[in-house]
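Protein chains in written order, with full-length UniProt numbering: chain A, 1 to 531; chain B, 1 to 531. Heads up, the beta-carbon is just placed ideally off N, CA and C, and yes, glycines get one too. Given the structure is predicted, the values throughout are model-derived calculations rather than measurements. What follows is a set of notes on a single structure, which appears directly below.
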């Protein structure tokens with residue numbers, strides 16, 4: 001309970017700071033300078049209710065900049081300034097074991113076991129090879145207690161996947177980009193399919209069968225999604241969202257956007273030029289995977305999906321002749337250590353040609369959801385709304401399920417996994433993705449103030465995204481039209497909130513964060529569905 | 001036997017005329033005008049051996065133009081001039097029943113039966129509809145003894161699918177382009193599959209499952225292949241020929257090219273904007289076909305393949321919102337009236353990722369083929385070489401089988417069906433397609449002299465093709481780079497012949513046409529394979 005209070009105090013302080021920054025300062029300025037409006041967009045004119053004085057501010061790196069125009073014009077790093085902004089510097093209390101996903105020794109024990117298993121396996125393989133007079137390539141593995149993936153796993157808390165200034169995250173991105181790959185295999189999802197797909201189903205999600213699990217020299221694991229579309233190609237207008245290709249650059253961009261929004265619910269993703277011969281074909285010990293490799297008429301190394309109904313070379317991806325762009329997403333801790341559940345999104349789409357879900361036809365759908373466990377209390381619905389804002393910004397219509405860590409109960413944050421179907425069409429804003437926000441008319445105050453910040457010229461979302469994405473080796477990750485679309489969509493989110501406020505008032509719409517669930521922290525089994 | 005002699009005489013006359021035109025006249029001119037070379041390309045410098053005086057010329061519309069430069073520069077119709085050229089006006093003797101594919105009354109009887117069957121079927125359908133109080137659309141059908149498709153079928157002879165000046169052919173093209181569609185269905189090939197595809201085969205030809213059989217108001221039937229690729233798109237370099245898309249414009253262009261080469265072995269093909277709602281969905285009585293129609297997110301009417309393993313909407317084709325470009329290829333007479341056999345091409349490709357057929361590794365492969373029935377005598381091998389030249393010009397690598405009418409025995413002409421995989425890459429010339437010519441070093445004299453004619457500026461192949469294709473409603477059928485590729489490839493064919501002549505001499509390489517088979521006109525069952 002004490003920790004909760006501390007947290008509440010920290011939040012209120014942040015809100016007070018925002019209030020001071022967004023409301024009081026401009027008001028003072030407008031008194032002094034006449035009616036000069038510093039905020040160019042109407043949707044940005046929310047005033048936050050005051051909670052000043054309720055708690056002592058606990059802010060680190062607090063810097064109050066002189067004027068907003070200085071910020072916009074001095075040519076410095078907008079991204080650095082964003083991350084030094086008070087809203088991005090709320091101090092999180094020291095984490096207890098309840099707030100940590102893993103116990104202190106757990107990841108290290110797991111790591112030791114994996115290395116021992118690998119070494120046994122390699123020993124047996126080498127013995128067998130020596131008997132058959134075959135030379136096998138040795139992959140130098142390292143046991144590194146300082147491995148970045150280990151630090152990432154250890155740092156996962158009930159607040160987010162990583163803390164804002166965790167040095168392990170940039171290191172993990174660098175490691176995924178550079179480190180030697182010692183093994184490649186299908187992901188568990190694919191293995192579960194055993195190559196047998198349900199071909200009787202006319203309409204089903206497809207195209208996800210080309211992802212691979214790569215193991216790095218330090219035993220870090222990453223999911224590799226190869227490039228299947230050029231950055232300037234738009235999804236054809238006749239494609240349904242469920243047959244849209246997966247885009248490696250959307251995975252990368254989604255990680256950066258999520259970090260910029262301060263959600264930190266997307267595992268780190270880095271771009272990499274993967275050598276499909278040396279880093280997949282040569283290192284895999286899965287014969288099925290080896291069997292889907294071929295050399296194209298243009299002498300490029302290619303591979304296609306395992307599932308037979310898509311085992312056509314039209315679906316293949318090819319290196320040039322061996323190098324292929326792709327995204328590498330860091331694996332979460334093993335399910336045995338940190339179980340997760342996959343829950344059907346109440347705003348899921350129909351995944352049929354003409355079917356419509358209830359939310360598409362019933363404007364009062366949210367009232368029904370609000371009465372259902374676990375959306376009837378706590379943060380779950382607000383988390384769904386956060387996710388819908390995130391998906392609207394990336395234009396990802398394929399959010400059929402979401403995952404949470406069971407350890408953190410019903411109020412645990414939602415994992416924003418699988419973002420590769422975003423960024424398909426820059427010219428279109430799919431308003432239906434915002435349905436949870438526009439139908440429920442609720443938003444977390446912490447989310448809103450950050451969105452407002454990112455709508456300001458000095459922190460413009462497209463600018464901070466462009467800057468953030470420059471850090472990836474596959475830059476430019478997004479084309480300019482996709483970056484501009486982010487600004488346009490952000491305005492639409494803010495307008496949607498404004499409409500709600502006009503209709504229902506700020507008190508109703510803008511909701512305090514960190515409201516603890518009043519229900520028992522159990523999981524409603526009816527909502528659970530395995531992915 | 002007498003008819004054969006007449007034919008031989010006619011051919012020799014044509015050759016004599018060509019000799020006069022190509023060899024003697026230029027020689028005379030060069031004597032008179034110095035050493036001015038009228039032919040710009042080296043490969044065009046063949047001299048034909050003289051057969052003058054052996055037979056009386058039997059030429060219609062013989063016009064000897066003044067000078068070649070006049071022909072090239074006066075801006076008239078090159079295509080008309082090509083078709084008035086003596087080489088395109090060799091008179092065919094009056095056809096006897098042996099030279100005709102069908103007996104006089106056969107097509108009409110077939111037609112009457114079909115109309116009677118349709119009317120019975122419609123009567124029953126209307127009665128059933130009346131009982132259930134359903135309104136059914138009536139399709140006005142006409143019994144037209146002058147129907148162009150009927151004339152086309154009646155005109156098929158042992159020489160070609162149609163005669164050069166048959167007025168039924170332009171009429172048939174017009175009818176396929178304009179006439180009302182009264183019914184649509186899967187083709188027999190597809191029906192044979194019953195929607196169950198062999199998905200265990202990793203590599204198999206695909207993409208052909210979207211063709212449909214359309215029945216016109218006058219009971220003419222055409223195969224509809226919808227547009228699946230924009231004209232300016234090139235086949236990706238990593239695609240194998242057997243997964244390449246089928247191109248409707250390649251079907252149309254192949255018909256025009258075949259006619260220009262004077263082969264006349266491709267059934268007439270016309271382009272058409274098909275209304276997939278009104279002319280397919282509404283008129284089909286096949287429920288399976290109706291079931292694959294859907295409305296896309298962009299509100300266009302789309303349909304996808306019947307075969308389940310490709311029943312993904314990525315494969316769908318969509319109208320805009322209903323109109324969809326496609327090629328309509330005239331049906332040949334029913335197999336019950338005019339049986340055909342499908343024979344494996346000795347120069348077929350391996351249809352695997354890395355397999356190689358014998359012809360690809362053995363430079364003496366042709367010697368083996370030449371010893372095998374039916375390639376050991378008669379015209380069959382020369383016909384294969386004609387086909388390889390045709391396929392090289394269109395760059396179609398997918399000629400795994402060819403068909404012949406059984407009635408005309410081993411020396412019957414080869415049908416050049418299924419040309420939709422041509423014209424995929426304008427920037428590349430796939431020399432391996434020419435293997436039958438370059439390995440066997442034989443070519444029909446009649447083919448060679450026409451190719452030489454089309455290499456001359458006054459009849460330039462790209463120019464006559466451009467002109468011919470202007471007659472189609474979907475013009476421009478081919479982009480300019482594809483037209484230029486035809487000229488470039490034609491030069492390569494002529495150079496291949498030249499190399500053979502240098503090595504083996506004209507007498508060996510340039511072969512007299514119409515050599516009758518010395519073997520029994522039976523079909524070698526070992527070579528036969530059903531498609």
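*chain A within 8 angstroms of residue 303 of chain B, Cβ atoms only*: Start at 1 with the first residue of the second chain, and residue 303 of chain B comes out as number 303. No, its Cβ sits nowhere closer than 8 angstroms to a Cβ of chain A.
_Using 8 angstroms as the cut-off, can you tell me whether the region 138-155 of chain A makes contact with the region 213-221 of chain A, which would need three or more C-beta pairs spanning the two stretches below that distance?_
yes
*Near residue 509 of chain A, which residues of its chain fall below 7 angstroms by C-beta distance, leaving aside the five closest residues on each side in sequence?*
Here residue 509 of chain A refers to the residue found at position 509 when the first chain is read from its first residue. Result list for residue 509 of chain A: 441, 442, 443, 497, 500 and 501, in chain order.
*Give a yes or no on whether the minimum CB-CB distance between residue 165 of chain B and chain A is below 8 angstroms.*
Reading the second chain from its first residue, position 165 is the one you call residue 165 of chain B. No, because no Cβ of chain A sits closer than 8 angstroms to the Cβ of residue 165 of chain B.
*8 angstroms Cβ cutoff, residue 348 of chain B in contact with chain A*: Looking up residue 348 of chain B in the second chain gives position 348. It does not: the Cβ of residue 348 of chain B has no partner Cβ on chain A nearer than 8 angstroms.
*By Cβ distance below 8 angstroms, which residues in the same chain neighbour residue 110 of chain B in space, the five residues on each side in sequence not counted?*
Here the question's residue 110 of chain B lines up with position 110 in the second chain. Correct list, in chain order: 333, 334 and 337.
*List the residues of chain B whose Cβ lies closer than 7 angstroms to the Cβ of residue 318 of chain A, in chain order.*
Residue mapping note: residue 318 of chain A aligns to position 318 of the first chain, counting from 1. Here the neighbours are 238.
*Mind checking whether residue 264 of chain B and residue 328 of chain B have CB atoms under 8 angstroms apart?*
Looking up residue 264 of chain B in the second chain gives position 264. Looking up residue 328 of chain B in the second chain gives position 328. No. Outside cutoff.
*Contact check, residue 249 of chain A vs residue 477 of chain A, beta carbons under 8 angstroms*: If you number the first chain from 1, residue 249 of chain A lands on position 249. If you number the first chain from 1, residue 477 of chain A lands on position 477. Taking 8 angstroms as the Cβ cut-off, residue 249 of chain A and residue 477 of chain A qualify as a contacting pair.
*Chain-ordered chain B contacts of residue 268 of chain A [CB-CB under 7 angstroms]*: Within the first chain, numbered from 1, the residue matching residue 268 of chain A stands at position 268. Within chain B, no residue comes near residue 268 of chain A; the closest Cβ sits about 30 angstroms away, beyond 7 angstroms.
*Tell me, to the nearest whole angstrom, how far the beta carbon of residue 349 of chain B is from that of residue 397 of chain B; I am working on the premise that it is less than 8 angstroms.*
Against the second chain, residue 349 of chain B aligns to sequence position 349. Against the second chain, residue 397 of chain B aligns to sequence position 397. Sure, about 6 angstroms apart at Cβ, within 8 angstroms.
*Could you check where the beta strand (DSSP E) with residue 302 of chain B kicks off and where it finishes?*
Residue numbering aside, residue 302 of chain B sits at position 302 when the second chain is read from its first letter. Note, residue 302 of chain B: beta strand (DSSP E), 301-303.
*To the nearest whole angstrom, what separates the beta carbons of residue 162 of chain A and residue 92 of chain A, a pair I think is in contact under 8 angstroms?*
Walking along the first chain from the start, residue 162 of chain A turns up at place 162. Walking along the first chain from the start, residue 92 of chain A turns up at place 92. Contact doesn't hold; Cβ gap of about 11 angstroms is too wide.
*How far does the beta strand (DSSP E) with residue 407 of chain A in it reach, from first residue to last?*
Numbered from its first residue, the first chain carries residue 407 of chain A at position 407. Residue 407 of chain A -> no beta strand (DSSP E), and no H or E assigned at all.
*C-beta neighbour in chain A for residue 435 of chain B, strict 8 angstroms*: Numbered from 1 along the second chain, position 435 holds the residue referred to as residue 435 of chain B. Closer than 8 angstroms: no.
*By a C-beta neighbour count over all protein chains shown, 10 Å radius and 16 as the cutoff for buried, is residue 28 of chain A buried or exposed?*
In the first chain, residue 28 of chain A corresponds to position 28, counting from 1. Bear in mind that a pLDDT of 45 at residue 28 of chain A, under 50, signals an unreliable position, so the model cannot answer this.
*Taking only the alpha-carbon atoms, compute the straight-line gap between residue 252 of chain B and residue 435 of chain A and give it to the nearest angstrom.*
By one-based count along the second chain, residue 252 of chain B stands at place 252. By one-based count along the first chain, residue 435 of chain A stands at place 435. Straight-line Cα distance between these residues: approximately 48 angstroms.
*Could you pull the start and end residues of the alpha helix (DSSP H) that residue 365 of chain B belongs to?*
Position 365 of the second chain, counting from 1, holds the residue named residue 365 of chain B. Segment 365-371, the alpha helix (DSSP H) holding residue 365 of chain B.
*At what residues does the alpha helix (DSSP H) containing residue 172 of chain A begin and finish?*
The residue given as residue 172 of chain A occupies position 172 in the first chain. Per DSSP, residue 172 of chain A belongs to the alpha helix (DSSP H) from 168-178.
*Got a sec: does the ligand GDP put a non-hydrogen atom nearer than 7 angstroms to the Cβ of residue 469 of chain B?*
As far as ligands go, the structure on display features none, and thus does not contain the ligand GDP.
*Please decide whether residue 300 of chain B counts as near chain A, where near means a Cβ-Cβ distance under 8 angstroms.*
Translated into positions along the second chain, residue 300 of chain B becomes position 300. So, interface residue.
*asked:* Let me check understanding here. Comparing Cα to Cα, which of A:86, A:188 and A:229 lies closest to residue 479 of chain A?
replied: Stepping through the first chain from its first residue, residue 479 of chain A is reached at position 479. Minimum Cα distance to residue 479 of chain A is reached at A:229.
*asked:* Let me make sure I understand the geometry here. Which of A:145, A:181 and A:107 has the alpha-carbon closest to that of residue 138 of chain A?
replied: Within the first chain, residue 138 of chain A is the residue found at index 138, counting from 1. Nearest C-alpha to residue 138 of chain A: A:181.
*Outcome for residue 319 of chain B when other beta-carbon atoms lying within 10 angstroms are tallied against a minimum of 16*: Numbered from 1 along the second chain, position 319 holds the residue referred to as residue 319 of chain B. Counting Cβ neighbours within 10 Å, residue 319 of chain B comes out buried, since at least 16 surround it.
_Interface residues of chain A facing residue 354 of chain B [CB-CB closer than 8 angstroms]_ = The residue labelled residue 354 of chain B in the question sits at position 354 within the second chain. The answer, in chain order, is 294 and 295.
*Give me the Cα-Cα distance between residue 367 of chain A and residue 452 of chain A, rounded to the nearest whole angstrom.*
For the purposes of this step, residue 367 of chain A is taken as the residue at position 367 of the first chain. For the purposes of this step, residue 452 of chain A is taken as the residue at position 452 of the first chain. Taking the straight line joining both Cα atoms gives about 27 angstroms.
_Reduced DSSP secondary structure (H/G/I, E/B, other) of residue 422 of chain A_ = Sequence index remark: in the first chain, residue 422 of chain A carries index 422 (1-based). Note: residue 422 of chain A maps to coil in three-state DSSP.
*Could you tell me if residue 136 of chain A is buried or exposed, where buried requires 16 or more neighbouring beta carbons within 10 angstroms of its beta carbon?*
Numbered from 1 along the first chain, position 136 holds the residue referred to as residue 136 of chain A. The residue is exposed, with fewer than 16 neighbouring Cβ atoms inside 10 Å.
*Taking the alpha carbon of residue 450 of chain A as the point to measure from, which residue in A:257, A:274 and A:280 has its own alpha carbon closest?*
Start at 1 with the first residue of the first chain, and residue 450 of chain A comes out as number 450. Out of A:257, A:274 and A:280, A:257 has the C-alpha closest to the C-alpha of residue 450 of chain A.
_Quick check on the burial criterion: 16 or more other C-beta atoms within 10 angstroms. Buried or exposed for residue 224 of chain A?_
If you number the first chain from 1, residue 224 of chain A lands on position 224. Answer is buried; the Cβ neighbour count reaches 16.
*What's the C-alpha gap between residue 512 of chain A and residue 371 of chain A?*
Position 512 of the first chain, counted from the start, is the residue given in the question as residue 512 of chain A. Position 371 of the first chain, counted from the start, is the residue given in the question as residue 371 of chain A. When rounded, the distance between both Cα atoms is 19 angstroms.
*Identify the residues that DSSP records as bridge partners of residue 447 of chain B: which are they?*
Stepping through the second chain from its first residue, residue 447 of chain B is reached at position 447. Answer by DSSP bridge pairing: none, since residue 447 of chain B is not bridged.
_If I measure Cβ to Cβ from residue 412 of chain A and keep anything under 7 angstroms in the same chain, skipping five residues before and after, which residues do I get?_
Taking the first residue of the first chain as 1, we reach residue 412 of chain A at position 412. So the qualifying residues of the chain are 158, 404 and 405.
*asked:* In the DSSP output, which residue or residues are listed as bridge partners for residue 186 of chain B?
replied: Along the second chain, one-based indexing puts residue 186 of chain B at 186. For residue 186 of chain B, which the question treats as bridged, DSSP gives the partners B:212.
*asked:* Strictly under 8 angstroms for the Cβ-Cβ distance: is residue 52 of chain A near chain B by that measure?
replied: The residue you call residue 52 of chain A lines up with position 52 of the first chain. Its pLDDT being 29, under 50, residue 52 of chain A is placed unreliably by the model, and the measurement read from it follows with that caveat. Chain B contact via Cβ: absent.
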